[in-house]
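Only one structure is covered here, and it is reproduced in the block below.
Number of protein chains: 2
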Amino acid sequence: MSDDNALVGLLGVLAYGQLVAFDRLAEDARNAPSLDGRVALADLAAIEIGHYHRLARRLSELGHDPWTAMAPFAPALEQFHARTAPSSWLESLVKAYVGDGLAADFYREVAAFVDPATRELIGEVLAEAGGAAFAVREVRAAIESQPALAGRLALWGRRLVGEALSQSQHVLAEHDALMQLLVEGTGDINGVGALLRRLTDRHAERMSALGLGG
Amino acid sequence: MSDDNALVGLLGVLAYGQLVAFDRLAEDARNAPSLDGRVALADLAAIEIGHYHRLARRLSELGHDPWTAMAPFAPALEQFHARTAPSSWLESLVKAYVGDGLAADFYREVAAFVDPATRELIGEVLAEAGGAAFAVREVRAAIESQPALAGRLALWGRRLVGEALSQSQHVLAEHDALMQLLVEGTGDINGVGALLRRLTDRHAERMSALGLGG
């Protein structure tokens, strides 16, 4: 098990994540109730595919075939999306905002443990995501006009986190190098716990931003 | 009926065309049998959404709401895609190449009749399409290894053209300004005939490039 294994794994899971995010956002865009919504999600999808290329290029530069690096993570990522298929436009928006935010926080944390060039690439890829303002505005407006929606959407947010944690555990259990990167990077198992707390705190902040806090 | 009507109609149909092309290419990408194919179609989809923004921005610059300009053309464009839903990956590729090529030729012809700034924008939007090389390579390779595929795909190509012409006629019949732009631009009804012949010739060239000629 080498640092290289962990790095390739990290880039692989991140790259495949962009591909499935493209699929999901493009599909959600089709179900948008307004032109603005349709275009906003299609834009997000287009950004993800740009990110995919940058990550795949980095894998190639490191001498690794992108597909080989991504394939081990495909089942967990596809399963996450299959288990969290939105049943409404508002659920799509919450997922786009909360789900992508959570993933971005996680990758940003882990990026601290890798080489500077890769860290920089990951930082850039995550910084460009955007689109959050649109989701926040739409969801807040919907809840204001129909407060009864809040309970169900808050539950949806919790389900997204639950599924994300569950799939992440599967991934880490099967990919020793990534698990080791995480444990060594954070210091020890307490460090992993602290990282999880930071992720959960930031998730709570996002739910509050949507008007789904508390 | 003013020139402005025709221009807004042209930009509107072109813009909505990019939106539905995004949807369709993103959906086809999901059904790709290979990573290369998936990424190639997702890239095309991302390009279309970029084009959409440029056309919508031009409509806004001209003082027109993009959605209002696009809405009259939505039914015909959605119907074209609903009637030509690919039933296989190769049909998706033929449609991406032949369908988009035909649309690009048509818009390029019509762009000759509008103001220079709009003409330039349309030319740029159409030039960036690309992705053709991938489709040609894949379809040719498939036919070489399974020559029996050629007959069915050739039929598919003819169906695409038939549906495109049929939907174009609906559009022109209902949008006087566009019809007038076409007739005045080409000179007269014979000019329209000549334009159609040019489109058909170029379509035949594309079918040959795919190995589906004759």
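Here the protein sequences come in this chain order: A and B.
Residues 457 to 670 in the working numbering are what the first sequence spells out, letter by letter.
Residues 457 to 670 in the working numbering are what the second sequence spells out, letter by letter.
Note that the Cβ used here is the ideal one computed from N, Cα and C, for glycine as well.
None of these values were measured; they are calculated from a predicted model.
Here's the rule I'm using: 16 or more other beta-carbon atoms within 10 Å means buried, otherwise exposed. How should residue i be labelled?
{"i": "B/S624", "result": "buried"}
{"i": "B/E594", "result": "buried"}
{"i": "B/G519", "result": "exposed"}
{"i": "A/G649", "result": "exposed"}
{"i": "A/P572", "result": "exposed"}
{"i": "B/S458", "result": "Confidence at B/S458 is low in this model, with a pLDDT of 48, below 50, so its placement is unreliable and no value can be given for it."}
{"i": "B/D681", "result": "Only positions 457 to 670 of chain B appear in this structure, which leaves residue 681 of chain B out of reach."}
{"i": "B/R494", "result": "buried"}
{"i": "B/D492", "result": "exposed"}
{"i": "B/I578", "result": "buried"}
{"i": "A/A583", "result": "exposed"}
{"i": "B/G473", "result": "buried"}
{"i": "B/L475", "result": "buried"}
{"i": "A/L634", "result": "buried"}
{"i": "B/A477", "result": "buried"}
{"i": "B/A430", "result": "Nothing can be reported for residue 430 of chain B, as the shown portion of chain B is limited to 457 through 670."}
{"i": "B/A589", "result": "exposed"}
Using 8 Å for Cβ pairs, my map puts residue i next to residue j. What's the rounded Cβ distance?
{"i": "B/V566", "j": "B/L637", "result": "7 Å"}
{"i": "A/L515", "j": "A/A527", "result": "About 12 Å separates the two Cβ atoms, so there is no contact after all."}
{"i": "A/A598", "j": "A/L546", "result": "6 Å"}
{"i": "B/R615", "j": "B/T540", "result": "7 Å"}
According to the Cβ coordinates, are residue i and residue j closer than 8 Å?
{"i": "B/Y563", "j": "B/L666", "result": "no"}
{"i": "A/A471", "j": "A/P522", "result": "yes"}
{"i": "B/Q468", "j": "B/F536", "result": "Reading off the sequence, residue 468 of chain B comes out as Gly, not Gln. Against a cut-off of 8 Å, the Cβ pair of B/F536 and B/G468 comes out as no contact."}
{"i": "B/D561", "j": "B/R658", "result": "yes"}
{"i": "B/L549", "j": "B/A620", "result": "no"}
{"i": "B/L609", "j": "B/L655", "result": "no"}
{"i": "A/V617", "j": "A/A532", "result": "no"}
{"i": "B/G641", "j": "B/A568", "result": "yes"}
{"i": "A/L481", "j": "A/E504", "result": "yes"}
{"i": "B/G613", "j": "B/M663", "result": "yes"}
{"i": "A/P542", "j": "A/D484", "result": "yes"}
Should residue i be counted as a contact of the ligand GDP given a C-beta to heavy atom distance under 7 Å?
{"i": "B/L651", "result": "The ligand GDP is not part of this structure, which contains no ligands at all."}
Do the segment 492-500 of chain A and the segment 597-610 of chain A make contact, defined as three or more Cβ pairs closer than 8 Å?
Cβ pair count under 8 Å is below three, so no.
Identify every run of the alpha helix (DSSP H) within the segment 547-625 of chain A, keeping only runs that are complete inside it and at least 4 residues long; order them along the chain.
Within the segment 547-625 of chain A, the complete alpha helix (DSSP H) runs of at least 4 residues are 556-567, 572-583, 588-601.
Contact between the segment 503-523 of chain A and the segment 504-511 of chain B (3+ Cβ pairs under 8 Å)
Cβ pair count under 8 Å is below three, so no.
Threshold first: 4 residues or longer. Then list the alpha helix (DSSP H) segments lying entirely within the segment 626-651 of chain B, N to C.
Unbroken alpha helix (DSSP H) stretches of 4 residues or longer found wholly inside the segment 626-651 of chain B: 632-642, given in chain order.
Can you give, in chain order, each stretch of the alpha helix (DSSP H) that sits fully within the segment 513-542 of chain A and has at least 4 residues?
The qualifying runs are 522-526, 530-539.
Runs of alpha helix (DSSP H) wholly within the segment 458-522 of chain B (minimum 4 residues, chain order)
Counting only unbroken stretches of 4 or more residues, the alpha helix (DSSP H) elements lying wholly within the segment 458-522 of chain B are 459-486, 491-517, in sequence order.
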